[in-house]
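J.:
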Amino acid sequence: MKNKLLVPFIFSLFFCVSALAQNRHTVSGYVKDQSNGEGLIGVSVYVREAETGVVTNPYGFYSLTLPEGNYTLVFTYIGYQKSEKQVPLDADKTVSIEMSDESTDLQEVTISTQKEDENVKSIEMSVNKVEMKTIRKMPALLGEVDLIRSIQLLPGVTSVGEGASGFNVRGGDISQNLVLLDEAPVYNSSHLFGFFSVFNPDAVKDVKLIKGGIPSLYGGRISSILDVRMKEGNAKKREINGGIGTIFSRLTYEQPFAKGKGSFIVAGRRSYIDVLAKPFLNSDLKDSKFYFYDLTAKVNYQIGEKDTFFASGYFGKDVFGGGDFGFGWGNATATARWNHIFSNKLFMNLTGYYSNYDYNLGQNQNKPDAKDKFDWKSKIISKSIKPDFTFYITPNNQLTFGGQYIYYDTRPGKAIAVSEGENTDISLDPRYADESALYIGNEQKLGDKISLQYGVRYSYFRSLGPGTEYDYLEVDKGQRKFPMFPGKTYKKGDVIKSYGNWEPRASLNIGLTSNASLKASYNRTAQYLHLLSNTAASSPLDVWTLSSVNIAPEKADQVALGWFQNFNNNMYEASVEVYYKKLYNQIDYVPGSELLLNEFVAGDLLFGKGRAYGAEFYLKKNKGKLTGWISYTLSRTERMVETINNNDWFPARFDKPHNFTSVAIYEMSKRLSLSANFTITSGTPATFPTNRYEWGGWPIGNNYDGARNNNRIPAYHRLDLAATLKTKRKLFKTGQGEFVFSVYNVYNRRNPFSVYTRANEDTPLKTEAVRYSVIGNFIPAITYNFKF
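Here is the structure:
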């Protein structure tokens, strides 16, 4: 009986849907920048008569399905002139437009190129976007614009100190951030030990940091997503720009080809500290090397109306050393993408990428006759294929779905030691794994006030042979575990261990008024790749390892609630977000752990849980002569690991309860702008002795109760200033030039990176605390930027 009723019901439903579809049509197309042909991300496409709309995707594409009729499409994007198109929608139509820069006076200077009320209307929360035009005006170390250092001025983002690589987001360590460059992962985003990032600002188009409410299309890390998109190259005309600075110079070249169907961009940088310092180095240091370089390139070609191909790549290297010793690290990525429009409602992006992070350490490597040598090389390689689909069902319902396959090839250490001419191979075997994922998500509007985004991701990880796994014997809790021989050996292709995780995601936006909303989100995330580091700050030589029999995946659950409101015709935007995050399978280390070239490193690991919670306050001024923002974050980040800190919660190394930052940009005239950054944060936790005892006439610090991170180093605070002055005369009669004058750490603050105790040199029985500072002086700089 049920089947007899079900069949006519299905036919009736199909007939209704088909009839409805006959009276509805789709308008779709691309929105691009008129000056260079770049697709614009996040443009608001509003249908005046239907009082609905969408925003363009990362490639500038939009799609709207509406009942047959006459409509007005309104395209708006801050920093660009509003555009309107009259569309008689009596059939499916393609409407692509180019938007031109807004000619503004000083009263209308903006620091955002997104939809004016996007922070209120959008379903996204815990998301920060910083435009490159804003970053370029901010004060920077040695006058060089840097993306990573700029996002550290946003709420919820911190660093353990100057000279530390990466960044920390809402209680996560640096390895728990997925850093993407054109969808390829970057495993170490730092040049020069964290002072600069690998991202060339002249080649970056869009930057988005997702701290919570992570959509289901992202996976692989448990704290945040930093999604960096490269420029596609000027499709209108040849363009050359670059800069000559105190520490490095850069050059970028863009040009169209194939009558505007394609374009490319090539950007390069090279530091020259070693060249400038060479005349001042004595004979012992004359062969010192300390420099970095990188090359970024991208090409795109529109094959037809429905197909566009993109290819991009990055290659960068840091080299350090002197005399007989040297080490270095570098990233290489390659991405190929194909955009295809199956219909005016179904958009596909197919991505394939290759990412390689390698690092090395050596002594006497270039001396064939040396009796003592050491050469260690490591790398991690990942390859992936990733199809993503967007189905624009209606203006109120947008479906995304797809999948991803990643293959990991890790080389933890190929090492040869030579002593008195005798070779000893202490290399570790490579380890292999793959990760697969499927996801589906839906963004849905329920009336004028409520929007939902919900979905789920399922990830499946396999540790693959060949390889050997060991069981470990724990003699004393909290101490090194010993491998039990023989281990179990696996052949190539064998599945050593597998893990699967459901990762649900959900976000909610409730419109309270026309300029205020309440948002909430939840996400579960899983991570199968781990960074092992038992130092105060991660270094380029830290070890990446895969989940295995003895190392379970890290997982996190996060909930967030936020209030968002705009004031004075969107001149000001404000938000308050509170969040709570639980972390599982967090890695810690036994006393005296050995992480490098240790086949039995799993025996040196401890596992526990973590929690992070806090409130983020953010106020931003978007328009006028004076623009900028202030933010304050009140938070705690804690860990609990059995046998550590008496089995009680303790602050994580990167816990900073108070974090205040401010950014101000003032346009004095068409030629001159001034800017300032100020930040003050709590000092990071540290473990100090609680008492001492004497041994052989020397004091030895002791922590009698075994407390972890029982104190804090002094607070960190810093003021930076900058001025940008455009030149009067045009460069080569067509180009533009500008000088950037900056002062980093204006009032000479010796911010501590760490504090440690030692015996006084003159009075050994007297102990003293020593402050170690990476930067202890103000640093002036001048940079000349050009464009023609």
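Residue numbers (mature numbering (1 follows the signal peptide of the UniProt record, and there is no 0)): -21 to -1, 1 to 767. Glycine residues also receive a C-beta, built at the ideal position from the N, C-alpha and C atoms.
Identify every residue that forms a DSSP beta bridge with residue 556.
T.: Numbered from 1 along the sequence shown, position 577 holds the residue referred to as residue 556. Residue 556 is bridged to 541 and 595.
J.: For residue 373, I'd like the list of residues in its chain whose CB is within less than 7 Å of its CB, leaving aside the five on either flank, ordered along the chain.
T.: Numbered from 1 along the sequence shown, position 394 holds the residue referred to as residue 373. The answer, listed in chain order, is 44.
J.: Can you tell me whether residue 726 is buried or exposed, with buried defined as 16 or more other CB within 10 angstroms of its CB?
T.: Translated into the one-based positions of the sequence shown, residue 726 becomes position 747. Per the 10 Å Cβ criterion, exposed.
J.: CB residue 14 to CB residue 277, shorter than 8 Å?
T.: Position 35 of the sequence shown, counted from the first residue, corresponds to residue 14. Position 298 of the sequence shown, counted from the first residue, corresponds to residue 277. Cβ atoms of residue 14 and residue 277: not closer than 8 Å.
J.: Please name the residue, chosen from 353, 335, 673 and 179, that lies closest to residue 341 on a Cα-to-Cα basis.
T.: Counted from its first residue, the sequence shown places residue 341 at position 362. For the set 353, 335, 673 and 179, the Cα lying nearest the Cα of residue 341 is the one of 353.
J.: Is residue 46 helix, strand or coil by DSSP?
T.: Counting from one through the sequence shown, the residue named residue 46 turns up at place 67. Of the three classes helix, strand and coil, the one that applies to residue 46 here is strand, per DSSP.
J.: If you run the structure through DSSP and keep just helix, strand and coil, what is residue 22?
T.: Translated into the one-based positions of the sequence shown, residue 22 becomes position 43. Correct three-state label for residue 22: coil.
J.: Thinking C-alpha only, which one of 595, 702 and 658 is nearest residue 647?
T.: Position 668 of the sequence shown holds residue 647. If we check each option's Cα against that of residue 647, 702 comes out closest.
J.: For residue 630, list the residues DSSP reports as bridge partners.
T.: In the sequence shown, the residue the question calls residue 630 occupies position 651. Per DSSP, 617.
J.: Our contact map puts residue 586 next to residue 609 with C-beta atoms below 8 Å; I'd like the distance itself, whole angstroms only.
T.: As a position in the sequence shown, residue 586 is number 607, starting the count at 1. As a position in the sequence shown, residue 609 is number 630, starting the count at 1. No, residue 586 and residue 609 are not in contact; Cβ-Cβ is about 39 Å, not under 8 Å.
J.: Touch check for the stretch 202 to 212 and the stretch 145 to 161: three-plus C-beta pairs under 8 Å?
T.: yes
J.: Indicate whether residue 636 and residue 614 have their beta-carbon atoms separated by less than 8 Å.
T.: The residue labelled residue 636 in the question sits at position 657 within the sequence shown. The residue labelled residue 614 in the question sits at position 635 within the sequence shown. Yes, the Cβ-Cβ distance between residue 636 and residue 614 is below 8 Å.
J.: Would you tell me roughly how many angstroms separate the C-alpha atoms of residue 779 and residue 549, rounded to the nearest one?
T.: Since the first residue shown for the chain is -21 and the last is 767, residue 779 is missing from the structure and cannot be characterised.
J.: Compute the distance between the beta-carbons of residue 564 and residue 533, then report whether it is under 8 Å.
T.: One-based indexing of the sequence shown puts residue 564 at position 585. One-based indexing of the sequence shown puts residue 533 at position 554. Yes.
J.: Exposed or buried, which one is residue 199 when buried takes at least 16 other CB atoms within 10 Å?
T.: Translated into the one-based positions of the sequence shown, residue 199 becomes position 220. Burial call: buried.
J.: Can you tell me whether residue 400 is buried or exposed? The criterion is at least 16 other CB atoms within 10 Å of its CB, across all chains shown.
T.: Indexing the sequence shown from 1 puts residue 400 at position 421. With fewer than 16 other Cβ atoms within 10 Å, it is exposed.
J.: So, residue 664 versus residue 680, is the Cβ gap smaller than 8 Å?
T.: By one-based count along the sequence shown, residue 664 stands at place 685. By one-based count along the sequence shown, residue 680 stands at place 701. Result no, Cβ atoms of residue 664 and residue 680 do not sit closer than 8 Å.
J.: Tell me the rounded alpha-carbon separation between residue 106 and residue 499.
T.: Locating residue 106 in the sequence shown gives position 127, counting from the first residue. Locating residue 499 in the sequence shown gives position 520, counting from the first residue. Their Cα atoms are separated by approximately 13 Å.
J.: Can you look up residue 93 in the DSSP assignment and give me helix, strand or coil?
T.: Residue mapping note: residue 93 aligns to position 114 of the sequence shown, counting from 1. Confidence in residue 93 is poor, its pLDDT being 46 and thus under 50, which makes the residue's placement too unreliable to answer from.
J.: Alpha carbon to alpha carbon, how far is residue 657 from residue 87? Give it in angstroms, no decimals.
T.: By one-based count along the sequence shown, residue 87 stands at place 108. By one-based count along the sequence shown, residue 657 stands at place 678. The pLDDT assigned to residue 87 is 42, lower than 50, so where the model puts this residue is not dependable, and the model offers no usable value.
J.: Can you tell me the Cα-Cα spacing of residue 223 and residue 445, whole angstroms?
T.: On the sequence shown, position 244 is the one that residue 223 refers to. On the sequence shown, position 466 is the one that residue 445 refers to. Their backbone Cα atoms lie some 50 Å apart in a straight line.
J.: If you pair each beta-carbon of the stretch 746 to 754 with each one of the stretch 723 to 738, do three or more pairs fall below 8 Å?
T.: yes
J.: Take residue 714 as the anchor and find which of 693, 686 and 764 has the nearest alpha-carbon.
T.: Here residue 714 corresponds to residue number 735 of the sequence shown, with the count starting at 1. Ranking 693, 686 and 764 by Cα distance to residue 714 puts 764 first.
J.: In terms of residues, what are the limits of the beta strand (DSSP E) holding residue 5?
T.: For this step, residue 5 is matched to residue 26 along the sequence shown. Run containing residue 5: 3 to 12, per the beta strand (DSSP E) assignment.
J.: May I have the straight-line CA-CA distance separating residue 378 from residue 420, to the nearest angstrom?
T.: By 1-based counting over the sequence shown, the position of residue 378 is 399. By 1-based counting over the sequence shown, the position of residue 420 is 441. Looking at the two C-alpha atoms, the distance is approximately 6 Å.
J.: Under 8 Å, with one C-beta from each stretch per pair, do the stretch 530 to 546 and the stretch 499 to 508 reach the 3-pair mark?
T.: The stretch 530 to 546, when compared against the stretch 499 to 508, does touch it at the 8 Å Cβ threshold.
J.: Per DSSP, what are the beta-bridge partners of residue 510 in this structure?
T.: The residue given as residue 510 occupies position 531 in the sequence shown. Note: residue 510 sits in a beta bridge opposite 523.
J.: In chain order, which continuous runs of the beta strand (DSSP E) of length 3 or greater are located wholly inside the stretch 436 to 479?
T.: With a minimum length of 3 residues, the continuous beta strand (DSSP E) runs that stay inside the stretch 436 to 479 are 446 to 452 and 461 to 469.
J.: Suppose the cutoff is 6 Å on Cβ atoms and the five residues either side in sequence are ignored; what does the same chain contact list for residue 72 look like?
T.: As a first step, residue 72 must be located in the sequence shown, where it is residue number 93. Counting only Cβ-Cβ distances below 6 Å, and skipping sequence neighbours, we find 6.
J.: Check each candidate in 19, 149 and 50 and name the one with the smallest Cα separation from residue 30.
T.: Position 51 of the sequence shown holds residue 30. Nearest option by C-alpha distance: 50.
J.: Could you say which of 169, 135 and 366 lies nearest to residue 191 if we only look at CA atoms?
T.: By 1-based counting over the sequence shown, the position of residue 191 is 212. Looking at the Cα atoms, 135 is the closest of the given residues.
J.: Can you check whether the CB of residue 122 is closer than 8 Å to the CB of residue 173?
T.: Within the sequence shown, residue 173 is the residue found at index 194, counting from 1. Within the sequence shown, residue 122 is the residue found at index 143, counting from 1. No, these two residues do not count as a Cβ contact at 8 Å.
J.: DSSP three-state label for residue 57, please.
T.: By one-based count along the sequence shown, residue 57 stands at place 78. Note: residue 57 maps to coil in three-state DSSP.
J.: So, at 7 Å on beta carbons, what are the nonlocal neighbours of residue 339 in its own chain, with the 5 sequence-adjacent residues on each side left out?
T.: Position 360 of the sequence shown, counting from 1, holds the residue named residue 339. For residue 339, where only same-chain residues beyond five positions count, the Cβ hits under 7 Å are 306, 307, 355 and 356.
J.: Please state whether the Cβ-Cβ distance between residue 603 and residue 642 is less than 8 Å.
T.: To locate residue 603, count along the sequence shown from 1; it is residue 624. To locate residue 642, count along the sequence shown from 1; it is residue 663. Not a contact, by the Cβ cut-off of 8 Å.
J.: Looking only at C-alpha atoms, which of 273, 138 and 17 sits nearest to residue 239?
T.: For the purposes of this step, residue 239 is taken as residue 260 along the sequence shown, with counting starting at 1. Cα-wise, what sits closest to residue 239 is 17.
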